[in-house]
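Novice: Chains as they are written, first to last, in the working numbering: chain A, 948 to 1156; chain B, 948 to 1156; chain C, 948 to 1156.
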Amino acid sequence: MQTTFLLIVEIIGTLAFAISGIRLAAVKNFDWFGAFIVGLVTAIGGGTLRDLMLGATPFWMLSSWYMTVTALALFIVIVLKRYLVRLNGTFFIFDTIGLGLFVVIGMSKTLEFGFSPWVGIIMGTITGAFGGVIRDILINEMPLVFRKDIYASACIVGGATYWLCAECGFSPEVQQSACAVVTIAIRFLAVRFNWALPSLNNWTDDKVN
Amino acid sequence: MQTTFLLIVEIIGTLAFAISGIRLAAVKNFDWFGAFIVGLVTAIGGGTLRDLMLGATPFWMLSSWYMTVTALALFIVIVLKRYLVRLNGTFFIFDTIGLGLFVVIGMSKTLEFGFSPWVGIIMGTITGAFGGVIRDILINEMPLVFRKDIYASACIVGGATYWLCAECGFSPEVQQSACAVVTIAIRFLAVRFNWALPSLNNWTDDKVN
Amino acid sequence: MQTTFLLIVEIIGTLAFAISGIRLAAVKNFDWFGAFIVGLVTAIGGGTLRDLMLGATPFWMLSSWYMTVTALALFIVIVLKRYLVRLNGTFFIFDTIGLGLFVVIGMSKTLEFGFSPWVGIIMGTITGAFGGVIRDILINEMPLVFRKDIYASACIVGGATYWLCAECGFSPEVQQSACAVVTIAIRFLAVRFNWALPSLNNWTDDKVN
Chain A
948 MQTTFLLIVE IIGTLAFAIS GIRLAAVKNF DWFGAFIVGL VTAIGGGTLR
998 DLMLGATPFW MLSSWYMTVT ALALFIVIVL KRYLVRLNGT FFIFDTIGLG
1048 LFVVIGMSKT LEFGFSPWVG IIMGTITGAF GGVIRDILIN EMPLVFRKDI
1098 YASACIVGGA TYWLCAECGF SPEVQQSACA VVTIAIRFLA VRFNWALPSL
1148 NNWTDDKVN
Chain B
948 MQTTFLLIVE IIGTLAFAIS GIRLAAVKNF DWFGAFIVGL VTAIGGGTLR
998 DLMLGATPFW MLSSWYMTVT ALALFIVIVL KRYLVRLNGT FFIFDTIGLG
1048 LFVVIGMSKT LEFGFSPWVG IIMGTITGAF GGVIRDILIN EMPLVFRKDI
1098 YASACIVGGA TYWLCAECGF SPEVQQSACA VVTIAIRFLA VRFNWALPSL
1148 NNWTDDKVN
Chain C
948 MQTTFLLIVE IIGTLAFAIS GIRLAAVKNF DWFGAFIVGL VTAIGGGTLR
998 DLMLGATPFW MLSSWYMTVT ALALFIVIVL KRYLVRLNGT FFIFDTIGLG
1048 LFVVIGMSKT LEFGFSPWVG IIMGTITGAF GGVIRDILIN EMPLVFRKDI
1098 YASACIVGGA TYWLCAECGF SPEVQQSACA VVTIAIRFLA VRFNWALPSL
1148 NNWTDDKVN
């Protein structure tokens, strides 16, 4: 039952990530294959990077449904494109729920492999945020996550929550739920209240002086 | 005898891929070292990505002739640059033959490692097409393969042919020959008749509505 | 004593590499998180790529001080930014010393893993120069190392010196010291005397003819 629930959340998250990538590829005039790849990379790129660094086989090579879900995402964008803009709010919710779960997956897989919790926080952040970084590299844009919004920061705080709950001796279920809830909550609040990290933008001025 | 034949085809394919990368680097005003790296990445980048995901040592670390062939490619471009444009047709033929072989190598290596055939199709496509993607990232261009031509699609259909022949119980030689021939044929026909995948280019208009 | 010395040099090199990345991120208006990542990637990206290809766990996952040093680099840039330009010469010295050490680390780790010396030269160059390449990809610039200066070339000659000393039967200490000294010396001389590799820049003219 719980596994089924997690699987459904992971499918929804993968679908939302893939759709977000395909929509950006569409703006850039990519063909169907290119859009599929950009969607796929957005959905599985972070986890692939994590698995390569953990020394594990990339997770999507062991189950074909990540390909199926990405193909479904491409189909949805092609068929529904006229209506997608109205669904922006829905996508944002799915995307954020996916983000929370991806951080949990990245963190717990890293701990299973015997690494320190701080490595787990990094891997959780990579799982959640670096699919988008690779997507931005492929569409030749400066990675959005480095310049706007609280996105990766939500992953980091979520991962730290996981660690804290583990230190306090809470059960794995509590650790994982708290991690997901905190990540999702910070992301929602950041978008709602326009939170942003300070930038280093006065730099160029100073250089002139 | 057959091994020698395959080795010659691989050298020709590597040379053609490396020359194509070096020529693009030249347009971007790279120095010799940069051009060498871009040529090398074009030739071996796809196979390296494949080997990392398979958990294998990147193939070029086990034999020095990939470096030698890339150095030869740089030499050819520097010495013959005045005449290279006239040889475009020849390069296209070499490049396409190389593509067919690269797909076969990627597919069969993946099957040897015990992965499913659909993983093999992906790895064949990565071997054939993603050296060019990494090349385009290095020269700061939007990856060509995502926007133009039937290139990666030819790899996918070639890989699917391999799988189909295996399912039908044909011998490995038939599987591999059919894969290479189909990949090469689709690529030639696509360029000859200007085949292209549909793009998602009406997207931005719709967003305005 | 010698280990302590090497550790101090590695910390200085990591700090210098991270600061150089963070300063570029600042010019691009990245936020603190983005700047931290760009600094981190500049410092550890080359070694990570090397370790993935060697089949080793990325070195920074086994010790937390690379994160600490990068955080220190971010702190330095934020606090001292008004004065950093005056320190350009100091940073250049640190950066170059770090470069020499990174080549030694890449080369000797590769040899430990049982690969040929020419693979070691490549891995030494990747360790020294490819953090900067990944940094340039992240900030969406054409990689500097491919277009300007003798940088990667210094790594290659330094690595070749290592090999030569090994062939001559010198002790590991001599091999490593010679490698570092040669790399550093070439880099200093190249900047002092404006050495540069020839570029392939007449290409576009020829294409018109």
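We put the CB at the ideal spot given by N, CA and C, even for glycine.
What you are looking at is a predicted structure, and each value in this text was computed from that prediction instead of being measured.
1. Candidates A:N1035, A:M1000 and A:G1075: which alpha carbon is nearest T989 of chain A's?
2. For the segment 1076-1093 of chain A, enumerate the residues whose C-beta is nearer than 7 Å to any C-beta of chain B, in chain order.
3. What does the alpha-carbon distance come out to for the pair A982 of chain C and A972 of chain C?
4. Between S967 of chain A and chain B, is there a C-beta pair that is closer than 7 Å?
5. Looking only at C-alpha atoms, which of B:S967, B:F980 and B:L953 sits nearest to F1093 of chain C?
6. Looking at chain A, which residues of the segment 972-991 of chain C have a Cβ within less than 8 Å of any of its Cβ atoms?
7. Can you say whether W1007 of chain C is buried or exposed, counting buried as having 16 or more other CB atoms within 10 angstroms of its CB?
8. So is G1061 of chain A buried or exposed if we call it buried at 16+ other beta carbons inside 10 Å?
9. In this structure, what does DSSP give as the bridge partners for D978 of chain B?
10. Taking Cβ-Cβ distances below 9 Å as the criterion, which residues of the segment 991-1006 of chain B are in contact with chain A?
11. State the DSSP-derived secondary structure class of Y967 of chain A, mapped to helix, strand or coil.
12. Determine the direct distance from the alpha carbon of I1081 of chain B to that of F952 of chain A, and round the result to whole angstroms.
13. Relative to the alpha-carbon of L1048 of chain C, which residue among C:A1125, C:T995, C:E1114 and C:E1059 has its alpha-carbon at the smallest distance?
14. Tell me which residues share the same chain as L1027 of chain A and place their Cβ nearer than 6 Å to its Cβ, disregarding the 5 neighbours each side in the sequence.
15. With A1107 of chain C as the anchor, note down where its alpha helix (DSSP H) starts and where it stops.
16. Could you confirm whether any beta carbon from chain A is found closer than 7 Å to the beta carbon of D1152 of chain B?
17. So is T1015 of chain A buried or exposed if we call it buried at 16+ other beta carbons inside 10 Å?
18. Name the residue from C:S1063, C:L1021, C:G992 and C:G993 whose alpha carbon lies nearest to the alpha carbon of P1145 of chain A.
19. Looking at chain C, which residues of the segment 1062-1073 of chain B have a Cβ within less than 8 Å of any of its Cβ atoms?
20. Quick test of your reading: A963 of chain B and F1041 of chain B, contact by CB under 8 Å. State the CB separation rounded to the nearest angstrom.
21. Given this structure, state the Cα-to-Cα distance separating I1103 of chain B from G1071 of chain B, to the nearest angstrom.
22. Compute the Euclidean distance between the alpha carbons of M1089 of chain A and D1083 of chain A, then round it to the nearest angstrom.
23. Out of A:Y1109, A:I1023, A:L1034 and A:L996, point me to the one whose CA is closest to V1051 of chain A's CA.
24. Leaving out the 5 sequence neighbours to the left and right, which residues in its chain are closer than 6 Å to N1156 of chain C when beta-carbon positions are compared?
25. Can you tell me where the alpha helix (DSSP H) with E1059 of chain A in it begins and where it stops?
26. Excluding the 5 residues preceding and the 5 following L1091 of chain B in the sequence, name in chain order all residues of the same chain whose CB lies nearer than 7 Å to its CB.
27. Any beta carbon from chain A within less than 7 Å of L954 of chain B's own beta carbon?
28. Answer yes or no: does any C-beta atom of chain C fall closer than 7 Å to that of S1011 of chain B?
29. Which residues in the same chain have their Cβ closer than 8 Å to the Cβ of T995 of chain C, if we skip the five residues on either side of it in sequence?
30. Does the distance from the C-beta atom of G1067 of chain B to that of M1054 of chain B stay below 7 Å?
31. For L1034 of chain A and A965 of chain A, what's the separation of their Cα atoms in angstroms?
32. According to a CB-to-CB cut-off of less than 7 Å, which residues of the segment 1119-1148 of chain B neighbour chain A?
33. Does any residue of chain B have a CB that is nearer than 7 Å to the CB of A1008 of chain A?
34. Would F1140 of chain C be called buried (16 or more neighbouring beta carbons within 10 Å of its own) or exposed?
35. Taking 7 Å as the threshold (beta carbon to beta carbon), is A1099 of chain C in contact with chain B?
36. In terms of alpha-carbon separation, which member of C:E957, C:I955, C:I959 and C:D998 lies closest to F1077 of chain C?
Specialist: According to the structure data:
1. In the first sequence, counting from the first residue as 1, residue 989 of chain A sits at position 42. Answer by Cα proximity: A:G1075.
2. The segment 1076-1093 of chain A vs chain B, Cβ under 7 Å: I1084, L1085, I1086 and N1087.
3. To locate residue 982 of chain C, count along the third sequence from 1; it is residue 35. To locate residue 972 of chain C, count along the third sequence from 1; it is residue 25. So the alpha carbons of these two residues sit roughly 5 Å apart.
4. The residue labelled residue 967 of chain A in the question sits at position 20 within the first sequence. Answer no: the Cβ-Cβ gap between S967 of chain A and chain B never drops below 7 Å.
5. As a position in the third sequence, residue 1093 of chain C is number 146, starting the count at 1. Selected option, being the one with the closest Cα: B:F980.
6. A972, A973, V974, K975, N976, F977, D978, W979, F980, G981, A982, I984 and V985
7. Mapped onto the third sequence, residue 1007 of chain C falls at position 60. Burial check for W1007 of chain C: the Cβ neighbour count within 10 Å reaches 16 or more, so the residue is buried.
8. Working through the first sequence from its first residue, we reach residue 1061 of chain A at position 114. Label assigned to G1061 of chain A: exposed.
9. Along the second sequence, read from residue 1 onward, the residue named residue 978 of chain B stands at position 31. Its beta-bridge partners are C:S1146.
10. Considering only beta carbons, the part of the segment 991-1006 of chain B lying closer than 9 Å to chain A consists of L999, M1000, L1001 and G1002, in chain order.
11. As a position in the first sequence, residue 967 of chain A is number 20, starting the count at 1. Correcting the residue identity first, residue 967 of chain A is Ser in this sequence and not Tyr. It is helical.
12. Taking the first residue of the first sequence as 1, we reach residue 952 of chain A at position 5. Taking the first residue of the second sequence as 1, we reach residue 1081 of chain B at position 134. Rounded to whole angstroms, F952 of chain A to I1081 of chain B spans 37 Å at the Cα level.
13. Locating residue 1048 of chain C in the third sequence gives position 101, where the first residue counts as 1. Selection C:A1125, C:T995, C:E1114 and C:E1059 evaluated against L1048 of chain C yields C:A1125 as nearest (Cα-Cα).
14. Counted from its first residue, the first sequence places residue 1027 of chain A at position 80. Hits under 6 Å: none found.
15. Locating residue 1107 of chain C in the third sequence gives position 160, where the first residue counts as 1. Here the alpha helix (DSSP H) through A1107 of chain C covers A1099 to E1114.
16. Indexing the second sequence from 1 puts residue 1152 of chain B at position 205. With a pLDDT of only 45 at D1152 of chain B, under the threshold of 50, the placement of this residue in the model should not be trusted; the figure read from the coordinates follows. So, not an interface residue.
17. Against the first sequence, residue 1015 of chain A aligns to sequence position 68. So T1015 of chain A counts as exposed.
18. Position 198 of the first sequence, counting from 1, holds the residue named residue 1145 of chain A. Minimum Cα distance to P1145 of chain A is reached at C:L1021.
19. none
20. Counted from its first residue, the second sequence places residue 963 of chain B at position 16. Counted from its first residue, the second sequence places residue 1041 of chain B at position 94. At roughly 4 Å, the Cβ-Cβ gap stays under 8 Å, so A963 of chain B and F1041 of chain B are in contact.
21. Position 156 of the second sequence, counting from 1, holds the residue named residue 1103 of chain B. Position 124 of the second sequence, counting from 1, holds the residue named residue 1071 of chain B. The alpha-carbon atoms of I1103 of chain B and G1071 of chain B are separated by roughly 8 Å.
22. Walking along the first sequence from the start, residue 1089 of chain A turns up at place 142. Walking along the first sequence from the start, residue 1083 of chain A turns up at place 136. Distance between the alpha carbons of M1089 of chain A and D1083 of chain A is about 6 Å.
23. For the purposes of this step, residue 1051 of chain A is taken as residue 104 along the first sequence, with counting starting at 1. Measuring from the Cα of V1051 of chain A, the nearest candidate turns out to be A:Y1109.
24. Position 209 of the third sequence, counting from 1, holds the residue named residue 1156 of chain C. Low per-residue confidence applies at N1156 of chain C: pLDDT is 35, beneath 50, and the placement is therefore not dependable enough to give any value.
25. Stepping through the first sequence from its first residue, residue 1059 of chain A is reached at position 112. Taken as a continuous stretch (DSSP letters only), the alpha helix (DSSP H) holding E1059 of chain A covers N1035 to E1059.
26. Your numbering for residue 1091 of chain B matches position 144 in the second sequence. Excluding residues within five positions, the ones whose Cβ falls inside 7 Å are G1079 and D1083.
27. Against the second sequence, residue 954 of chain B aligns to sequence position 7. L954 of chain B does not count as touching chain A.
28. In the second sequence, counting from the first residue as 1, residue 1011 of chain B sits at position 64. Yes, contact with chain C.
29. Sequence index remark: in the third sequence, residue 995 of chain C carries index 48 (1-based). Hits under 8 Å: P1005, F1006 and W1007.
30. Position 120 of the second sequence holds residue 1067 of chain B. Position 107 of the second sequence holds residue 1054 of chain B. In contact: G1067 of chain B and M1054 of chain B (Cβ atoms closer than 7 Å).
31. Translated into the one-based positions of the first sequence, residue 1034 of chain A becomes position 87. Translated into the one-based positions of the first sequence, residue 965 of chain A becomes position 18. If you draw a straight line from the Cα of L1034 of chain A to the Cα of A965 of chain A, it comes to about 15 Å.
32. A1143, L1144, P1145, S1146, L1147 and N1148
33. Your numbering for residue 1008 of chain A matches position 61 in the first sequence. The question names Ala, but residue 1008 of chain A in the sequence shown is Met. Yes, because at least one Cβ of chain B sits closer than 7 Å to the Cβ of M1008 of chain A.
34. Within the third sequence, numbered from 1, the residue matching residue 1140 of chain C stands at position 193. That one is exposed.
35. Within the third sequence, residue 1099 of chain C is the residue found at index 152, counting from 1. At least one chain B Cβ lies under 7 Å of A1099 of chain C.
36. For this step, residue 1077 of chain C is matched to residue 130 along the third sequence. Of the candidates C:E957, C:I955, C:I959 and C:D998, the one whose C-alpha sits nearest the C-alpha of F1077 of chain C is C:D998.
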